[in-house]
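Visitor: Provided herewith is a single structure, encoded as structure tokens, for subsequent inquiry.
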Amino acid sequence: MFKKILIANRGEIACRVARTCRRLGVAVAGVHSTADRDALHVKEIGESIEIGGAAAADSYLRIDAVIAAARAAGAEAIHPGFGFLAENAAFARAVEAAGLVFIGPTPEVIERLGDKAAAKREAKAAGVPIVPGSEAPSEDPGEIAALVRRIGLPVMLKAAAGGGGKGMRGIVGLERLEDEIESAMREAKNAFGYPGLIVEKLIERGRHIEVQIAGDGRGRVIHLYERE
């Protein structure tokens, strides 16, 4: 068990991780931007290190600043929460290179599944049904618009590099397509540091079912059944 970890996130997820760590007797430290000095997660965690400006690209997405904060706090490991750097293989590698533990998948697994386009290719190769759409991300608004027209409405624009609903837009008409593409790309860039999008057929009235897994880093992995 770690003696102290750094929580590299903000908001509800940072608070939840902090509470769980305290129940387990693990000390925590957090990070915050200049805009979050009085945020709830800063008050909840107690010890928090300022890592940059208000924009995520200047703070929560800065790999060097997060690792420096972990060292300054005397943390042994970094918990990324979700979003921001949680699905960034370069971050996971940098954490390991710094002699710290990344609480999450290995960089290799993140590379295979952290990017939606790569995850779709893995699923297809394994024989899992996938939603029709593009199999590679694009940073070209014109190419994305052409994909929307080729796939046919309704479609969903999705940020290739992250999750949590950031950079997602349901498109049911072409009237504001260019604006929606630019908005989704901008949101993806701000949230994950990469503006690339994929285009998929929109599944209306769909249900989100996931199977969560947990591993101890020593070869033991369990699943926690289905969760909607």
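All letters in the sequence shown, in the order written, are residues 0 to 227 by numbering that gives the first Met the number 0. We put the CB at the ideal spot given by N, CA and C, even for glycine.
Given this structure, state the Cα-to-Cα distance separating V16 from S58, to the nearest angstrom.
Guide: What you label residue 16 is simply residue 17 of the sequence shown in a count that begins at 1. What you label residue 58 is simply residue 59 of the sequence shown in a count that begins at 1. Rounded to the nearest angstrom, the two C-alpha atoms are 19 Å apart.
Visitor: Helix, strand or coil for H40, going by three-state DSSP, please let me know.
Guide: Stepping through the sequence shown from its first residue, residue 40 is reached at position 41. Residue state, collapsed to three classes: helix.
Visitor: Considering only residues of the same chain and omitting the five flanking positions on each side of G163, which have a CB-CB separation below 7 Å?
Guide: Position 164 of the sequence shown, counted from the start, is the residue given in the question as residue 163. Cβ within range, chain order: F81, G82.
Visitor: Taking R111 as the reference, which of A125, I102, E225 has the closest Cα?
Guide: As a position in the sequence shown, residue 111 is number 112, starting the count at 1. Closest by alpha carbon: A125.
Visitor: Just tell me which of R21, R22, G51 has its CA closest to the CA of H31.
Guide: Within the sequence shown, numbered from 1, the residue matching residue 31 stands at position 32. Minimum Cα distance to H31 is reached at G51.
Visitor: Assuming contact is defined by CB atoms lying nearer than 8 Å, are L152 and V171 in contact in what I supplied?
Guide: Position 153 of the sequence shown, counted from the start, is the residue given in the question as residue 152. Position 172 of the sequence shown, counted from the start, is the residue given in the question as residue 171. Taking 8 Å as the cut-off, the beta carbon of L152 is found closer than this to the beta carbon of V171.
Visitor: Can you tell me the Cα-Cα spacing of E181 and K119, whole angstroms?
Guide: The sequence position of residue 181 within the sequence shown is 182, counting from 1. The sequence position of residue 119 within the sequence shown is 120, counting from 1. In this model, E181 and K119 are separated by some 23 Å (Cα to Cα).
Visitor: For a test of the three-state rule: what should DSSP assign to L5, helix, strand or coil?
Guide: Within the sequence shown, numbered from 1, the residue matching residue 5 stands at position 6. Strand.
Visitor: Are A85 and I62 closer than 8 Å when you measure CB to CB?
Guide: Within the sequence shown, numbered from 1, the residue matching residue 85 stands at position 86. Within the sequence shown, numbered from 1, the residue matching residue 62 stands at position 63. No.
Visitor: Taking just the CA atoms, how far does K3 sit from E134?
Guide: Locating residue 134 in the sequence shown gives position 135, counting from the first residue. Locating residue 3 in the sequence shown gives position 4, counting from the first residue. Roughly 40 Å between the two C-alpha positions.
Visitor: Could you work out which residue in D215, M155, D178 is closest to R204 when comparing CA atoms only?
Guide: Looking up residue 204 in the sequence shown gives position 205. The candidate whose alpha carbon is nearest that of R204 is M155.
Visitor: For A7 versus H78, is the C-beta distance shorter than 8 Å?
Guide: In the sequence shown, residue 7 corresponds to position 8, counting from 1. In the sequence shown, residue 78 corresponds to position 79, counting from 1. For A7 and H78, yes; Cβs fall inside 8 Å.
Visitor: For I129, which of helix, strand or coil comes out of DSSP?
Guide: Looking up residue 129 in the sequence shown gives position 130. Three-state result, I129: coil.
Visitor: Which residue wins for smallest C-alpha separation from G73, given the options F90, A54, G98, I212?
Guide: If you number the sequence shown from 1, residue 73 lands on position 74. Minimum Cα distance to G73 is reached at G98.
Visitor: Is the beta carbon of L146 sitting closer than 8 Å to the one on G169?
Guide: Against the sequence shown, residue 146 aligns to sequence position 147. Against the sequence shown, residue 169 aligns to sequence position 170. No.
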